[in-house]
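**Q** One structure follows; several queries about it will come next.
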Amino acid sequence: MTRPHELLRFGFTAWRLPARSPGFDRKIVHYGLSAVAVVAAVLIVYLILAGWLYPLRPDTIEHLAHPFADALGAGTWGGPTLVGAWAVHAAIAVVMQLAALVVIALCRAGIVPRRGVGGQLE
273 MTRPHELLRF GFTAWRLPAR SPGFDRKIVH YGLSAVAVVA AVLIVYLILA
323 GWLYPLRPDT IEHLAHPFAD ALGAGTWGGP TLVGAWAVHA AIAVVMQLAA
373 LVVIALCRAG IVPRRGVGGQ LE
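Residue numbers 273 to 394, in our numbering, belong to the letters of the sequence shown in order.
In structure tokens form, the structure reads like this:
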């Protein structure tokens, strides 16, 4: 019987490049996957600042005196309070961060050489 973690491992390793493939083509693919992973990592850092730390942004600090009864926040996402807007920003950031982590994992799976039985490179 196949276990779920075996399927997950197969999904990440099935499409990798061979460990000893020709040099130039492998470098091009490696650099491309690395660039995609870096963009995803930068997105994660940005989302920490824009999503999780949204209440500390300079344009929202002026509303910190009354986050639950904000007269200016009626048109914001999440409802009539600024807390609703913060919650929506954080929720969107979580979803995008999880997607970026999946992209990084897929890029890593394509870059790292496969190891067969006994730790030998394939």
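From the three backbone atoms N, C-alpha and C, an ideal C-beta is built for every residue, glycine too.
1) For Tyr303, count neighbouring Cβ atoms within 10 angstroms of its own Cβ and tell me buried if that reaches 16, exposed if not.
2) With a CB to CB cut of under 6 Å and the five nearest residues on each side skipped, what residues in its chain are close to Ala286?
3) In its own chain, which residues sit with a C-beta less than 6 Å from the C-beta of Cys379, not counting the 5 before and 5 after it?
4) Since I believe Leu319 is in contact with Ala357 (beta carbons under 8 Å), could you give me their beta-carbon distance rounded to a whole number of angstroms?
5) I think Val375 touches Ala322, with their Cβ atoms under 8 Å apart; what is that distance to the nearest whole Å?
6) Using only the alpha-carbon positions, how far apart do Gln369 and Val314 sit?
7) Between Ala362 and Trp324, is the Cβ-Cβ spacing less than 8 Å?
**A** From the atom records:
1) Position 31 of the sequence shown, counting from 1, holds the residue named residue 303. So Tyr303 counts as exposed.
2) As a working mapping, residue 286 is identified with position 14 in the sequence shown. In this predicted model, Ala286 has a pLDDT of only 49, less than 50, meaning its place in the structure is not dependable enough to derive any value.
3) As a first step, residue 379 must be located in the sequence shown, where it is residue number 107. Cβ neighbours of Cys379 beyond the five flanking positions: Leu305, Val308, Ala309.
4) Indexing the sequence shown from 1 puts residue 357 at position 85. Indexing the sequence shown from 1 puts residue 319 at position 47. Wrong, their Cβ atoms sit about 16 Å apart, outside the cutoff.
5) Here residue 375 refers to the residue found at position 103 of the sequence shown. Here residue 322 refers to the residue found at position 50 of the sequence shown. Taking the Cβ atoms as the reference, Val375 lies roughly 18 Å from Ala322, outside the contact range of under 8 Å.
6) In the sequence shown, residue 369 corresponds to position 97, counting from 1. In the sequence shown, residue 314 corresponds to position 42, counting from 1. Between Gln369 and Val314, the C-alpha separation is close to 10 Å.
7) Position 90 of the sequence shown holds residue 362. Position 52 of the sequence shown holds residue 324. The answer is yes: Cβ separation under 8 Å.
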